[in-house]
Amino acid sequence: MSHPDASPAEIDASESPSFFARKFGITSIKEDRIRWNKDWETCLKSLKNSGVVFEEMQFVLRKCYEEYPGFLPDIQKDVIRKQNALQTLLASMFSQGNFATVWLLLDEPNRQKHLMHGLVQASERALFHEDARASCPEITMTGLLKGSGNALLKFLELFQEMKSSVSEDAPCLMPCEWWDHVVDDVPKPLSDEDQFVHAMLAMVRNDFIAEFIIGVAESFSRAVVNKDKDIKSILNVMEQDLSIADGFAHALKTKRDKPIIRCENCEKSASELGSDARFMVCSTCKAKLKFSLHYCSQKCQTEDWKRHKVNCGKKAISKRLPGTAGDSTWAYPAVPDMYREMLNNGNGRTMNLRDIGAGTPQFVRSSALQLQVSMIEADKDADYFLFTASQEPIRFVVHEFFMKMVFRLLRTNAMSSKERTGTCALAQYLLKEMASTPGLSKESILRQLSSEYGIDMEVALKEFTERGGPSNETFLEKMGKGVRAMGPKLMSMGG
Ligand SMILES: [Zn+2]
Ligand SMILES: [Zn+2]
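Per the numbering used here, the very first residue in the sequence shown carries number 9; after that it's consecutive.
Structural data, given as structure tokens:
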């Protein structure tokens with residue numbers, strides 16, 4: 009970003025320390041940026057009364073009007089240019105860079121790092137420098153971290169929406185309650201000077217916002233290009249299988265703030281029961297255990313009594329219905345079922361992988377595949393069976409937890425889903441692990457899989473491997489690594 013030389017903002021703001029910094033005792037950005045940001049957030053809270061900000065800035069802007077009355081068009085042009093560049097940048101970040109997915113999958117310290125970069129950069133580059141923050145009460149670290157990162161995404165979407173609603177040569181003015189007050193409170197009609205001050209203030213605000221977003225985008229893009237350690241595992245998974253990463257991101261995006269209530273008997277939620285739904289709780293459980301077991305009606309409570317009386321007042325046990333407080337993934341209604349179990353088991357180590365079976369087929373299985381399915385269903389600890397030339401089965405077992413999970417999820421896909429994604433990934437992994445086992449060979453494994461899945465596995469696998477690019481790791485190994493990195497992250501966010 010280039011900046012006009014010797015702008016009045018630089019003259020007014022950079023030579024003397026920030027007005028707000030002095031007035032509110034804000035720590036210097038050079039001294040400690042964490043404290044600087046905290047101090048600013050406190051300052052913004054106390055500035056709820058918009059008049060203070062406006063009066064102070066007015067003073068500077070009126071001086072500016074006297075000294076540089078022709079300055080406004082230049083500043084406007086600069087802000088428009090920044091906003092146009094930003095619109096292009098954001099569009100490509102969201103579409104090609106899958107920004108939303110990566111952002112949601114990043115952990116909070118990383119999101120903090122990028123937001124901080126944006127704030128610092130805007131305070132260095134924007135007109136009025138850090139004082140411009142006073143005109144942007146919605147740009148706070150705390151606010152934009154909300155909703156596991158969703159708040160920033162919403163803010164950026166709003167910017168894109170606002171920007172595309174104005175022409176290319178007009179500035180986009182971000183709406184904000186504070187700003188509306190400033191606009192409304194000025195007595196009309198406006199003098200030329202008032203108009204200038206007003207328009208300048210709008211530029212100061214939107215310039216800071218633009219610089220802030222640019223700063224966040226730059227910091228984020230740099231991390232992507234450099235494949236920073238923290239972002240690498242996410243990118244890794246996304247390169248291999250975008251749908252997995254998108255699944256996680258979607259789960260984070262639709263995060264609930266609090267659990268829903270369901271009737272312990274009919275299992276219906278308030279929205280399913282209709283607007284007149286009234287829940288009652290079991291009073292004994294409430295009094296003795298401080299535990300709420302909900303019923304939609306007397307009838308449901310009576311019906312459930314047979315089942316509930318064993319625990320009533322003794323043990324806080326519910327059916328752990330989806331979305332209710334008893335469900336440890338209540339916060340993530342969109343978590344795909346296959347992850348739900350993993351998440352419901354906390355650290356994952358206790359997850360019962362044995363339950364990830366072959367699934368319900370959406371196509372007619374070959375007889376070879378039917379045999380395979382019946383064998384893995386009979387031996388739930390085995391992950392696959394390979395056959396020697398004399399039809400002796402050799403048991404294949406994946407030991408590492410996340411690898412086993414990924415293998416089994418792909419196995420379900422290959423054996424049951426219409427798309428049958430996962431077939432080649434399984435083949436690739438089986439070859440790597442098992443081709444040198446006595447009694448087996450690359451050819452024998454390919455032959456077996458070809459007859460099970462009814463495709464020329466050698467051809468399919470060649471294509472699959474080429475698509476994955478040169479690598480010593482199989483698709484499954486990369487996925488396992490990625491899920492291992494992301495799974496616990498998602499779990500630790502739970503609840
Ligand atoms: Zn009910
Ligand atoms: Zn009870």
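For every residue, glycine included, the Cβ atom is placed at its ideal position computed from N, Cα and C.
Since we're looking at a predicted model, the values are computed, not measured.
_residue 584: CB within 7 angstroms of a non-hydrogen atom of ligand 1_ = Within the shown structure, residues of the chain are numbered from 9 to 503, placing residue 584 beyond reach of any answer.
*asked:* If distances are taken between C-alpha atoms only, which option among 276, 464, 380, 321 comes closest to residue 329?
replied: By 1-based counting over the sequence shown, the position of residue 329 is 321. Taking only the C-alpha atoms, the option nearest residue 329 is 276.
*Taking 7 angstroms as the cut-off, is the CB of residue 308 close to at least one heavy atom of ligand 1?*
Taking the sequence shown and counting its residues from 1, one reaches residue 308 at position 300. Yes, Cβ of residue 308 sits closer than 7 angstroms to a heavy atom of ligand 1.
*asked:* If you reduce the DSSP assignment to three classes, tell me which class residue 216 lands in.
replied: Here residue 216 refers to the residue found at position 208 of the sequence shown. Note: residue 216 maps to helix in three-state DSSP.
*For residue 301, is the beta carbon positioned less than 7 angstroms from some heavy atom of ligand 2?*
Looking up residue 301 in the sequence shown gives position 293. The answer is yes for residue 301.
_Is residue 274 a contact residue of ligand 1, with contact defined as CB to any heavy atom under 7 angstroms?_
As a working note, residue 274 is residue 266 in the sequence shown. The answer is yes for residue 274.
*CB-CB under 6 angstroms to residue 83, same chain, minus the five flanking residues each way: which ones, in chain order?*
Your numbering for residue 83 matches position 75 in the sequence shown. 211.
*Counting along the chain, where does the beta strand (DSSP E) carrying residue 437 start and finish?*
Counting from one through the sequence shown, the residue named residue 437 turns up at place 429. From DSSP, residue 437 is part of no beta strand (DSSP E) but of the alpha helix (DSSP H) over 431-442.
_Chain-ordered residues, beta carbon under 5 angstroms from a heavy atom of ligand 2_ = 290, 292, 293, 320
_Cβ shell of residue 232 (< 8 angstroms), same chain only, five flanking positions each side left out_ = As a first step, residue 232 must be located in the sequence shown, where it is residue number 224. Answer for residue 232: 105, 110, 239, 243, listed in chain order.
*Give, in chain order, every unbroken run of the alpha helix (DSSP H) that is at least 4 residues long and sits entirely within the segment 376-436.*
409-424
_Is residue 305 close to ligand 1? I mean its beta-carbon at under 7 angstroms from any heavy atom of the ligand._
As a working mapping, residue 305 is identified with position 297 in the sequence shown. Within the cutoff, so yes.
_Let's test the definition: count the other Cβ atoms within 10 Å of the Cβ of residue 156 and tell me whether it reaches 16, buried, or not, exposed._
As a first step, residue 156 must be located in the sequence shown, where it is residue number 148. So residue 156 counts as buried.
*Give the DSSP-derived three-state secondary structure of residue 270 in the structure shown.*
Counting from one through the sequence shown, the residue named residue 270 turns up at place 262. Three-state DSSP puts residue 270 in a strand.
*Segments of 3+ residues assigned as beta strand (DSSP E) that fall wholly inside the segment 444-491*: none
*Could you give the distance in angstroms between the alpha-carbon of residue 49 and the alpha-carbon of residue 205?*
Residue 49 sits at position 41 when you count from the first residue of the sequence shown. Residue 205 sits at position 197 when you count from the first residue of the sequence shown. Whole-angstrom Cα-Cα distance: 25 angstroms.
_For residue 151, report the span of its alpha helix (DSSP H) as first-last._
Taking the sequence shown and counting its residues from 1, one reaches residue 151 at position 143. It spans 149-153 - the alpha helix (DSSP H) in which residue 151 sits, taken as one unbroken run.
*Below 7 angstroms CB to CB, which residues in the same chain sit around residue 388 once its five sequence neighbours on both sides are set aside?*
To locate residue 388, count along the sequence shown from 1; it is residue 380. Answer for residue 388: 362, listed in chain order.
_As assigned by DSSP and simplified to three states, the class of residue 357_ = Translated into the one-based positions of the sequence shown, residue 357 becomes position 349. For residue 357, the predicted model reports a pLDDT of 35, less than 50, meaning its position is unreliable; a value from the coordinates is still stated below. Reduced to three states, the DSSP call for residue 357 is coil.
_Rounded to whole angstroms, what is the Cα-Cα separation between residue 418 and residue 400?_
Mapped onto the sequence shown, residue 418 falls at position 410. Mapped onto the sequence shown, residue 400 falls at position 392. Cα to Cα, the separation comes out at about 25 angstroms.
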